[in-house]
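Protein chains: 2
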Amino acid sequence: MITLRYVPRSEFDKILTAPLPPARKAALFAALCRINVLYMVKRAGSGHLGTSFSCQDLVSWVFLNEVSGADDVFFSSKGHDVPAFYAALSSLGRIPFEQIHALRRLGGLPGHPEVHIPNMETNSGSLGMGISKGKGMLLAKRLQGKKARVFVLTGDGELNEGQIWESLSGAVSRRMGELTVLVDHNKIQSDTWLHRVNDPGDLGAKFRSFGWRVVRGDGHDIAGLARTFAALREITDRPKVVIADTVKGRGISFMESFGAEEKFYGFHSGAPSDEQYAKGLEELAATAVRLFDEAELDRPALEEYQHRVPPSSPQIRHKLVEAYGRALVHQAERNQSLVALDADLIKDCGLADFSERFPDRLIECGIAEQDMVSQAGGLALKGIVPVAHSFSCFLSARPNEQIYTNGTERSKVIYTATLAGLLPATPGHSHQSVRDISSLAAIPNLVLVAPATEREVEAALDWAVNVSSESTYLRICSIPCILPFEVDGDPKMTVGRGSVLRDGKDAVVFAYGPVMTSQAVLAADELRGDGISTKVVNHPWLNRIDRVWLADMVRGASFMFCVDDHYTHGGQGDMLIAGLAESGWPPGLQVKKLGLSDVPACGQNDEILRHHGLDAAGMAQVIRASVGPQR
Amino acid sequence: MITLRYVPRSEFDKILTAPLPPARKAALFAALCRINVLYMVKRAGSGHLGTSFSCQDLVSWVFLNEVSGADDVFFSSKGHDVPAFYAALSSLGRIPFEQIHALRRLGGLPGHPEVHIPNMETNSGSLGMGISKGKGMLLAKRLQGKKARVFVLTGDGELNEGQIWESLSGAVSRRMGELTVLVDHNKIQSDTWLHRVNDPGDLGAKFRSFGWRVVRGDGHDIAGLARTFAALREITDRPKVVIADTVKGRGISFMESFGAEEKFYGFHSGAPSDEQYAKGLEELAATAVRLFDEAELDRPALEEYQHRVPPSSPQIRHKLVEAYGRALVHQAERNQSLVALDADLIKDCGLADFSERFPDRLIECGIAEQDMVSQAGGLALKGIVPVAHSFSCFLSARPNEQIYTNGTERSKVIYTATLAGLLPATPGHSHQSVRDISSLAAIPNLVLVAPATEREVEAALDWAVNVSSESTYLRICSIPCILPFEVDGDPKMTVGRGSVLRDGKDAVVFAYGPVMTSQAVLAADELRGDGISTKVVNHPWLNRIDRVWLADMVRGASFMFCVDDHYTHGGQGDMLIAGLAESGWPPGLQVKKLGLSDVPACGQNDEILRHHGLDAAGMAQVIRASVGPQR
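Sequences listed follow chains A and B, in order. Take 1 as the starting number for the first sequence in the working numbering and just add one per residue. Take 1001 as the starting number for the second sequence in the working numbering and just add one per residue.
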């Protein structure tokens, strides 16, 4: 147990009502916001501290002084800095203050901006869309005859994305003087320094070459920011960008520090340890006290929350991404032509070891998935085996057309997509990849595979590299899972065929990936107590089915359930059903699809599985309701 | 009938073996190539003349003088200039010369580059991927220890695409001195002048700000180009771009001419009329003769081909895009909040009248689909009804993630996608949109509708604007169609329900869109002669099904056929089958999906329908094979 502390709203009111100059007021406000950001992320168990801290001064200034008109708009395009926005908005009463206790909880504040939360102007999560969105809002206001100023906050890593540059020209030709972009230029991307990932060069020159008015300044010097924004108000004939030099992790010394010798920045995402929390809070509180003293205000009083994290289970957890990383090194040792491409997610895609072992065979592309995938296509056309990596939500969608074009060339590319499926549910729907099967499955020459265990990850990669003549999309779950089933021997990768995890005769359940197979097996075990005998099949092939095997699997069963870690529309279930129907529907067989029918909710993993009826109890209930009455 | 003329290979050999200085040789070569480009496009009945002519001098110089090493690579990123490449490569013997007679024919030369044609390095069609592809090829060569120079030709309109700018940084940090990008800067996009569509501003400054070496010159002054390329060979520490000022339609006076008062450029795509052909050939031939005379070579002798175009049918053709354009104006007259967004396809999306009538409500975004779709999202969030337009192959894929993000916001956006489906088949697979249903259908709050008739287009748009609370994707066929069925009264837009075009009792066929419904009706009429009674249902809803209605539609039938103008995987058929299965599979019903299982072929429309078994005869054969033996 650890005591967490947060700043109650009354302390913010003290600042807001005090007769202080705007810059000093904003500095005090930001100092308190940082304490609540730390609180929210620690309590949630995950979140993005580094980027929230780097933009907190900017965010505070803009909310307190710039978005004054009824139609003014301010939002973040990078989105993962949303704790900074929540801290500011809750303190201003623009979202219910008590919501700060429910970051990343069902019914609470989502891990990335969502429009159902007041004053969240747009959904974000995937990078690079914000300037375009802001332009649209601004044009709407113009059409409606309303005066509105639009402020869009972007990251600097985010500027890797092509859509940013695609969006700039139109703002100039339409003379969007109402539009101001703020670049939180903290110089560190997800993994490491910008210049090591995708060197931005002279950002100011780039924006200027596109016709924008550019100013650059210290993003933590609020008095300076105040002068900058005042000057920019006078410029009305063109869009403007403020490149704000900031420090990632600003406010906590050890989060600010990132030595040239270190490989990865430590505080991009995730919650701090108890010790880090305590030390960080101490620093943030000391800063706040100093600023309050200087402003001659009573020192702020924090409130307490007793935080208890349930002890972690001693059971073995399958870590598919780590297994993947080892397997990739193993393949690379044997195949000189194997090259990895990355989109600023080395750690999250299991590439840390690979990057140490084969630095010349790692092509770091930055947050530029389209460029990465087309480069992979070029490599494949010239005899290399490229393996392109990103989160599945991004890899399946942002370069969707590029993947298809590669597919039409019949070259062989491997796409490794981590963070696949409904879980983790804490970042929210922009990171819950539950649409990738549908958006990719029709692509010719591309086989989609979702392994359920560490050994199946190894086997799937081996199959993709050494057996398949087609391209492969590896759909890998990123959360460590406790598996309630044993896996004997090496998984056989026979296209379109899966394996039986539990045998049974009344119903057969098809699932894939560690989360859904586990819940299905637990459901089957629960149903056994009701006298319902349920077969559970792990079928890792998402767009290939062996119809003979499938007919054999369902033979004798009266009920078939297709569990998708995905929307039910366009998932594996549709393929299984169509395959069965085209070979002749087994007389009397009833079928039901389980999965998502609407945008997934954000929250802790267990509550979200339950919410969508995809935990073992929910599955058992559906199966019982179907099978039970007949017995 | 008209006599077409082309330059035989022997005339090219005459140039290639003559002792001429390289620049003069290339100029002669290009002059002859233009004659064959005109021939190919006229004979094919479609193609892109303007852009082929503007880059022909560049293409000729590079093939003759720059790509000399075994591993050197040269390709076009814009792709629709492929006639210029075919003309050059066929004359050099690098593709079989006789293929110039088979542009856009099955088994001939595809309408856009495809890698199965020799010396076509990569598939293109969608814009903006080429620099990334070239970087990948270059990295492959480096890894293989080979020396290779990579030349990528781009359009200037193409520079609207974000991927272009996304791809630039990595080339600098990896010091890609082997890479040269050529910009065919003819100043005219698909519809009109660049500066009217998406003003590029100072292109040189932009590339320079990204760290590239920039040179600019006259793209038709081959001697100047020769000096430019010689100088660029010395620069090896960074990527280089040649911004070549060119004239769209270069070589034919009336194709070069585009007055400031004209709204649309007339020779971006399509074949010239007989008169235009004759006049154009006369000019090209006169230029060639002059150059040959100056070089003191025997004048070139052309060969002849008697070209006969079958007379067009007097039957009424349904023109869905034109109907859409009228319907949109009709809606806009009634709804001040309706705004159209366009991606440089005003003519092809039926927006010409709208742009005249409501210039302030047309947001021209240029070839920047991601920016367009996110702007539409911003507009929708602020109370506007945005209608975003492009070809369905691009609109469904390039901004796929942006459409999903809009969907998660539950705002209402209408996406109008023309050029949908297998036909026209002449541009090739990059423009044959046969994957859009799968890539979009799972998106929550997005309804996909494919109207089959002009009146259904009107009804669908009316439904999307005035009835639906969700977003709509309108999938519209662009080729004029003769419909073998009558449509009585106004189509009813009842979600998930279609209409019966032919009644029958032995089999029921589901189809959508004008092409597939027509072929299905013709098949049913043919089968009637065999005593097979076939019901044909037009079901325009691609991701919505009324299961009660569906069960009613198939009642009594023993066979069900689902025709998709799409890959069979993830098309409407999968949805119908899953819907039927979940409501209880009708005993004894057999089902078969018809559609595409692999990348569609390029060719004339009738031959491609036949090739894929999706013409009436092919459908009838499948139905007969299933139903027949049982009778």
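For every residue, glycine included, the Cβ atom is placed at its ideal position computed from N, Cα and C.
Neighbours of isoleucine 1363/B in chain A, taken as residues at a C-beta separation under 7 Å, are given in chain order as Leu139. In this structure, alanine 523/A sits away from isoleucine 608/A, with a CB-CB distance that is not shorter than 8 Å. Listed in chain order, the positions of the segment 1372 to 1387 of chain B with a beta carbon within less than 7 Å of a beta carbon of chain A are Ser1374, Gln1375, Ala1376, Gly1377, Gly1378, Leu1379, Leu1381, Lys1382, Gly1383 and Ile1384. Residues of chain A whose Cβ lies closer than 8 Å to the Cβ of lysine 1593/B are, in chain order, Ala578 and Glu582. With a cutoff of 8 Å on beta-carbon distance, alanine 1464/B and isoleucine 1414/B are scored as near each other. Leaving aside the five residues that flank tryptophan 212/A on each side, the residues in its chain whose CB is nearer than 6 Å to its CB run, in chain order, Pro239 and Val241.
When 7 Å is used as the limit between beta carbons, histidine 429/A is near these residues of chain B: Thr1408, in chain order.
Glutamine 1163/B has a beta carbon lying within less than 8 Å of a beta carbon in chain A. In the three-state DSSP reduction, arginine 455/A falls in the helix class (H, G or I).
Around isoleucine 1443/B, the beta-carbon contacts reaching into chain A at under 8 Å are Arg435. Chain-order list of chain A residues neighbouring arginine 1398/B: Asn400 and Glu401, by C-beta distance under 8 Å. Measuring C-alpha to C-alpha distances from serine 1558/B to each of Trp1585/B, Thr1568/B, Gly1570/B and Ser1077/B identifies Trp1585/B as the nearest. Rounded to the nearest angstrom, the Cβ distance from glutamine 370/A to glutamate 1166/B is 6 Å, consistent with a contact under 8 Å. Neighbours of proline 1200/B across chain A, judged by C-beta separation under 8 Å: Ser169. Bounds of the alpha helix (DSSP H) holding histidine 1195/B are 1194 to 1197. Judged by their CB atoms, alanine 1450/B and alanine 1420/B are nearer to each other than the 8 Å cut-off. Secondary structure note for cysteine 1562/B: its beta strand (DSSP E) is the uninterrupted segment 1559 to 1567. Within chain A, no residue has its CB atom less than 7 Å from the CB of glycine 1270/B, the nearest being about 24 Å off. If you draw a straight line from the Cα of glutamate 158/A to the Cα of phenylalanine 75/A, it comes to about 15 Å. The C-alpha of valine 73/A is placed about 13 Å away from the C-alpha of leucine 64/A.
Of the other Cβ atoms in all chains shown, 16 or more fall within 10 Å of the Cβ of threonine 154/A; this residue is therefore buried.
Relative to the Cα of aspartate 1013/B, the nearest Cα in the group Ile1002/B, Leu1028/B and Leu1362/B belongs to Leu1028/B. Taking CB atoms only, glutamine 370/A has a neighbour in chain B less than 8 Å away.
The beta carbon of methionine 553/A lies closer than 7 Å to those of Val508 and Val537 in the same chain, with the five residues before and after it left out. Within the model, the alpha-carbon separation for leucine 302/A versus lysine 248/A is close to 25 Å.
According to the DSSP assignment, lysine 1025/B belongs to the alpha helix (DSSP H) that extends over 1022 to 1044. Nearest CB-CB separation between asparagine 1123/B and chain A: below the 8 Å threshold.
Counting every other CB atom within 10 Å of its CB across the protein chains shown gives glycine 170/A a total of 16 or more, marking it as buried. Secondary structure of phenylalanine 1354/B (DSSP, three-state): helix.
Boundaries of the alpha helix (DSSP H) around glycine 1407/B: 1400 to 1408. Spanning the alpha carbons of leucine 1089/B and alanine 397/A requires a straight line of approximately 36 Å. The straight-line gap separating the alpha-carbon atoms of cysteine 481/A and alanine 417/A is approximately 17 Å. For serine 558/A, no Cβ of chain B is located within less than 8 Å of the residue's own Cβ.
Chain A has a Cβ within less than 8 Å of the Cβ of tyrosine 1567/B. Taking C-beta atoms as the reference points, glutamine 306/A and methionine 1/A count as a pair closer than 8 Å.
Between the alpha carbons of arginine 334/A and lysine 1135/B lies a gap of roughly 25 Å.
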